[in-house]
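In my numbering, the protein residues as written are 10 to 137. From the three backbone atoms N, C-alpha and C, an ideal C-beta is built for every residue, glycine too. Fair warning: this is a prediction, and the values are worked out from it, not measured in the lab. For reference, the structure is listed below as structure tokens.
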Ligand code: HEC
């Protein structure tokens, strides 16, 4: 038995071609935009949730470093607005023994990498 072949009319060819082109260009434009938007939203959410988590974990730090990361006691450094990476590095050094202080080494000892990232996000985000 012969298979029936579908032979498109010229109009159908044009229509198919333009639909395919249109889908391609929509893909080219819309996909990167939605990817970029998605990424921007995702990273903003991560940062906000890190800051919120850091604020919650900072309860124990406030007695020395102040409610907003600013302290009036010259023995305790201000943390508000300090560079995030610097804060992370210092907390890891206290925790891992690279920097020693009787108070801070003990404070940093139980902190996980995530705690440190959250606390640093919180303090670096406060106004100096
Ligand atoms: C009992 C008081 C006290 C508490 C509570 C405390 N700290 Fe500290 N913190 C200090 C002192 C004192 C120093 C300065 C240490 C030194 O001279 O090396 C310091 C230093 C730091 C530094 C280094 C700052 C710099 O400029 O290098 C960071 C970061 C820090 N603390 C974060 C925290 C975090 C986060 C918490 C809560 C988990 C916390 N501290 C709890 C007293 C405290």
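Contact check for residue 80 against residue 73 passes: the beta carbons are separated by less than 8 Å.
Within the same chain, 130, 131, 134 come within 6 Å of residue 60 by CB-CB distance, once the 5 residues on both sides are set aside. Distance from residue 78 to residue 127 at the Cβ level is roughly 14 Å; contact not present, criterion being Cβ atoms closer than 8 Å. Counted as a single uninterrupted DSSP element, the alpha helix (DSSP H) harbouring residue 96 occupies residues 93-105. In the structure shown, residue 56 adopts helical secondary structure according to DSSP, grouped into three states. Boundaries cannot be given for residue 109, as no alpha helix (DSSP H) includes it and DSSP labels it neither H nor E.
In summary, residue 27 is exposed, with fewer than 16 beta-carbon neighbours lying within 10 Å of its beta-carbon over all protein chains present.
Between residue 125 and residue 100, the CB-CB gap stays under 8 Å. Where residue 128 is concerned, the enclosing alpha helix (DSSP H) starts and stops at 122-134. In this structure, residue 104 lies away from residue 115, with their beta-carbon atoms at least 8 Å apart.
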